[in-house]
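In what follows, a structure is listed as structure tokens, so that the remarks can point back to it.
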Amino acid sequence: MKATETYTFNYLVRQLPQPIAFINSSFELVCASDSWLDYFEFSPHGIEGKKILDLFDQQERKYWQNCLENCLTGEREFGIQHKVSNIGKEQWFEWTNVPWYDERENIIGVILQINDISKRLDQEIKFEKLESLLKDQSEIAKVGTWEYDIDKEHLFWSDMTKKIHEVPNNFEPTIDNAINFYKQGHSRNTIAMLSHNGIHRGESWSEKLQLVTWEGHMKWVVAAGKPLYKDGKVTRLIGTLQDITEQIEQQNKTKESEQLLRTLIDSLPLNLYIKDTESRKVLVNKSECDYLGVTSAHELIGKSDFNLYDNNIAQISRDEDLQVMKTKKPIMGKRTISIKKDGKSTSFLTSKIPLLGLEGECKGLIGISMDISEIIQKENQLSDLINVTAIQNKKLINFAHIVSHNLRSHTANFSMLVDFLVKEEQESEKERILEMLIKASDNLMDTLENLNEVVDISTNVNLEKKPLNLHEHITRVQENLAAFLQQNKVKIDNNISNKVYVKAVPAYLESIILNLLTNSVKYQHPDRSPKITLSTEKKGGTIIFNVEDNGLGIDMERYGKKLFGMYKTFHNNSDARGIGLYITKNQIEAMSGSILARSEVNKGSIFSVYFKDED
Numbered sequence: 020m021k022a023t024e025t026y027t028f029n030y031l032v033r034q035l036p037q038p039i040a041f042i043n044s045s046f047e048l049v050c051a052s053d054s055w056l057d058y059f060e061f062s063p064h065g066i067e068g069k070k071i072l073d074l075f076d077q078q079e080r081k082y083w084q085n086c087l088e089n090c091l092t093g094e095r096e097f098g099i100q101h102k103v104s105n106i107g108k109e110q111w112f113e114w115t116n117v118p119w120y121d122e123r124e125n126i127i128g129v130i131l132q133i134n135d136i137s138k139r140l141d142q143e144i145k146f147e148k149l150e151s152l153l154k155d156q157s158e159i160a161k162v163g164t165w166e167y168d169i170d171k172e173h174l175f176w177s178d179m180t181k182k183i184h185e186v187p188n189n190f191e192p193t194i195d196n197a198i199n200f201y202k203q204g205h206s207r208n209t210i211a212m213l214s215h216n217g218i219h220r221g222e223s224w225s226e227k228l229q230l231v232t233w234e235g236h237m238k239w240v241v242a243a244g245k246p247l248y249k250d251g252k253v254t255r256l257i258g259t260l261q262d263i264t265e266q267i268e269q270q271n272k273t274k275e276s277e278q279l280l281r282t283l284i285d286s287l288p289l290n291l292y293i294k295d296t297e298s299r300k301v302l303v304n305k306s307e308c309d310y311l312g313v314t315s316a317h318e319l320i321g322k323s324d325f326n327l328y329d330n331n332i333a334q335i336s337r338d339e340d341l342q343v344m345k346t347k348k349p350i351m352g353k354r355t356i357s358i359k360k361d362g363k364s365t366s367f368l369t370s371k372i373p374l375l376g377l378e379g380e381c382k383g384l385i386g387i388s389m390d391i392s393e394i395i396q397k398e399n400q401l402s403d404l405i406n407v408t409a410i411q412n413k414k415l416i417n418f419a420h421i422v423s424h425n426l427r428s429h430t431a432n433f434s435m436l437v438d439f440l441v442k443e444e445q446e447s448e449k450e451r452i453l454e455m456l457i458k459a460s461d462n463l464m465d466t467l468e469n470l471n472e473v474v475d476i477s478t479n480v481n482l483e484k485k486p487l488n489l490h491e492h493i494t495r496v497q498e499n500l501a502a503f504l505q506q507n508k509v510k511i512d513n514n515i516s517n518k519v520y521v522k523a524v525p526a527y528l529e530s531i532i533l534n535l536l537t538n539s540v541k542y543q544h545p546d547r548s549p550k551i552t553l554s555t556e557k558k559g560g561t562i563i564f565n566v567e568d569n570g571l572g573i574d575m576e577r578y579g580k581k582l583f584g585m586y587k588t589f590h591n592n593s594d595a596r597g598i599g600l601y602i603t604k605n606q607i608e609a610m611s612g613s614i615l616a617r618s619e620v621n622k623g624s625i626f627s628v629y630f631k632d633e634d
């Protein structure tokens, strides 16, 4: 049908006084009269397009599905059904399902019609007829019927009711023994009170109770009853008894499975969460709660990343979520940085997997994150070690013309170990290589620092100096020492403009900065965190580079003349070899510069490096 025709058709159907509904061959509601919607208490908004089977009780779906499928083959279906309204009113209705044909006589769906017969049943239909009409449905839904004649004190049970009680076919029920089938305590007391109120007050009921069968089996049932009147007096009670044991057991199994799943995901050493299509959390595990500092998952349900993280980080996460849900392709093992509202930063290895429904539609995503902050810290420390040793290796290469064959062997061995370490993936093997690397480094440094650097600095007169950005070289050294500086909680105030250039040998300049910074940290004061202030000044044709610390300081009266001597140490530091300042001084002088020191015990030191601005 055209859009206009469809609109007109739907408009006419809605106004029909008869409760009627049209569904397509996929059992989706196409349109329905307002009277049909009112009878079943459905909202007219958003009802069209929904599966008709999803609108009714789960226990009845199989019965209705069979009826609808028969209609699609050309058969007409009839029956009687009952429902309980939202206010507890029990209603009975006749239903007719007929095939829905198009203009070419093709079956395109089913037309559902109903007729409320509640009043007619109360007045005209005998209970035996009702039982017959409901027999097929009773078997499917495990619903039995019963009738109690008050005047005759006669209780009738249908075959299904007897089957639920597991009694012989010739069993004669009475009101007393029927009540005694219910589990002693709450269930028995409840059914006795409900029966009394039904007889004497005309009250209906529907309760979930437990009974013990003739065979001794415990069952869960829904017991329902209603009074029937004659001449304004309650003369009979009729009702149903539905066995819901399987349903209850399934619910319990579901709860157990949910508990098992919850225990499993809470035990994972990973942050796990599920988000809906709006990136709101619908499930989180204990690790995620612990990371976000909450004691209960309920505190996170319904919240988005914008409620929990820095806005920039939240936006990045939301963009990733949209990508995963739009493409239905996962993001696996991506390094991410999470910054919470309190400013705490954590590095994660994150995977996001689309959560797909039965029809392949994306309903959200599953997120798994592993905290790798410690791993990155170790990687940085390892990288710093490699960078520091690489600097020393560069220096060795500059001195190669005076290095003996043995020293060149050291260099080859060292470079090979570094290459192995960088390429190796196994942690245990990394540790073994690292031990070899440290040992090789110690051997190399002993030989190189005590001999070759001194010889090179003293003899090399053809060093090429270049205009170098001092700020950039300081930054590079800081990056190489990142883990070392972080571990010692060093604060560096770099007040040097990025426009300051000095003429120097690149390897020497970085070596000078490295020695001065590491010395400031090595000889830090035990009562305060290290603080290093970097600055420059210009006097004539000279650039002065100042490194000021708040460390132990040096007794200049006692050690001033020996400060830059070889193998001179002034503090009980196990890492001190007394060669760093000697090398630094010689490197500076090799570039036609000079270095001066000012120091005060327990207050700190200032080292000033003088670079000639002109050759």
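The sequence shown begins at 20 in this note's numbering and counts up one residue at a time.
Heads up, the beta-carbon is just placed ideally off N, CA and C, and yes, glycines get one too.
Every value quoted in this text rests on a predicted model; they were computed, and no experiment measured them.
Original post:
With distances taken between CB atoms, is the gap from I607 to I531 smaller than 8 Å?
Top reply: yes
Original post:
Any heavy atom of the ligand ZN closer than 7 Å to the Cβ of S52?
Top reply: This structure does not include the ligand ZN; it has no bound ligands of any sort.
Original post:
Excluding sequence positions up to five away, which residues of its chain have a Cβ less than 7 Å from the Cβ of V231?
Top reply: F200, K202 and M237
Subject >> Contact the segment 180 to 187 vs the segment 160 to 167: 3+ CB pairs below 8 Å >> reply: With contact defined as three or more Cβ pairs closer than 8 Å, the segment 180 to 187 and the segment 160 to 167 are in contact.
Original post:
Would F190 be called buried (16 or more neighbouring beta carbons within 10 Å of its own) or exposed?
Top reply: exposed
Subject >> Classification of Q278 by the beta-carbon crowding that lies within 10 angstroms, buried from 16 upward >> reply: exposed
Original post:
Which term fits G235, buried or exposed, when burial requires 16 or more other beta carbons within 10 angstroms of its beta carbon?
Top reply: exposed
Original post:
Which parts of the segment 516 to 578 are runs of the beta strand (DSSP E), unbroken and 3 residues or longer, counting only runs that do not cross its ends?
Top reply: 520 to 523, 550 to 558 and 561 to 568
**OP:** Mind checking who H64 pairs with in its DSSP beta bridge?
**Re:** According to DSSP, H64 bridges with nothing at all.
Subject >> Close beta carbons around T561, own chain, < 8 Å, minus the five adjacent residues each side >> reply: Y629, F630, K631 and D632
Original post:
Would W233 be called buried (16 or more neighbouring beta carbons within 10 Å of its own) or exposed?
Top reply: exposed
Subject >> beta strand (DSSP E) segments (min. 3 residues) lying fully within the segment 313 to 368 >> reply: 350 to 358
Original post:
Residues in its own chain within less than 7 Å of G93 by CB, not counting five upstream and five downstream?
Top reply: Closer than 7 Å at Cβ, skipping near neighbours: P118 and I126.
**OP:** Return the residue from the list L291, I133 and R207 that minimises the CA-CA distance to E96.
**Re:** I133
Original post:
Which of helix, strand or coil does DSSP assign to N488?
Top reply: strand
Original post:
Among the residues of its own chain, which have a CB less than 6 Å from the CB of T603, if the five just before and after it don't count?
Top reply: I531 and N534
Original post:
With I257 and K245 assumed to form a contact (beta carbons below 8 Å), what rounded beta-carbon distance in angstroms separates them?
Top reply: Correct: roughly 6 Å between the Cβ atoms.
Original post:
Smallest Cα separation from L404: which of L453, L377, E393 and E444?
Top reply: L453
Original post:
For Y629, which three-state DSSP category applies?
Top reply: DSSP places Y629 in strand when its eight states are reduced to three.
Subject >> Cβ pair count under 8 Å reaching 3, the segment 558 to 578 against the segment 615 to 630 >> reply: yes
Subject >> Neighbour-count burial assignment, N621, 16 or more Cβ in a 10 Å radius >> reply: exposed
Subject >> Other residues of its chain near Q543: CB distance less than 6 Å, five sequence neighbours each side excluded >> reply: P549 and G570
Original post:
Does the Cβ of E378 have 16 or more other Cβ atoms within 10 Å, making it buried, or fewer, making it exposed?
Top reply: Exposed, because fewer than 16 other Cβ atoms sit within 10 Å of the Cβ of E378.
Original post:
In terms of DSSP beta bridges, what is A40 paired with?
Top reply: A51 and L131
Original post:
Got a sec, what are the start and stop residues for the alpha helix (DSSP H) Q270 sits in?
Top reply: T264 to S286
Subject >> Under the three-state DSSP convention, the category M389 falls into >> reply: strand
Original post:
If you drop the 5 nearest sequence neighbours on each side, which residues of the same chain put their C-beta closer than 7 Å to that of Q261?
Top reply: A160, K161, V162, V240 and V241
Original post:
To which residues does DSSP link C381 through a beta bridge?
Top reply: The partner list for C381 (beta bridge, DSSP) reads L375.
Subject >> Spatial neighbours of R80 in its chain, beta-carbon cut-off 8 Å, leaving aside the 5 residues before and after >> reply: For R80, same chain residues with a beta-carbon under 8 Å away, outside a window of 5 residues either side, are L72 in chain order.
**OP:** Identify whether M237 lies in helix, strand or coil by the three-state DSSP scheme.
**Re:** strand
Original post:
Where does T180 sit, in a helix, a strand or coil, going by DSSP?
Top reply: Three-state result, T180: helix.
**OP:** Name, in chain order, the residues that DSSP records as bridge partners for F97.
**Re:** T115
Original post:
Can D340 and L384 be called in contact, C-beta distance under 8 Å?
Top reply: yes
**OP:** Would you tell me roughly how many angstroms separate the C-alpha atoms of N188 and F61, rounded to the nearest one?
**Re:** Computed Cα separation, rounded: 42 Å.
Original post:
Of the choices S539, K558, G572 and Y527, whose alpha-carbon is the least far from that of N605?
Top reply: Y527
Subject >> Residues bridged to N513 [DSSP beta-bridge criterion] >> reply: L553
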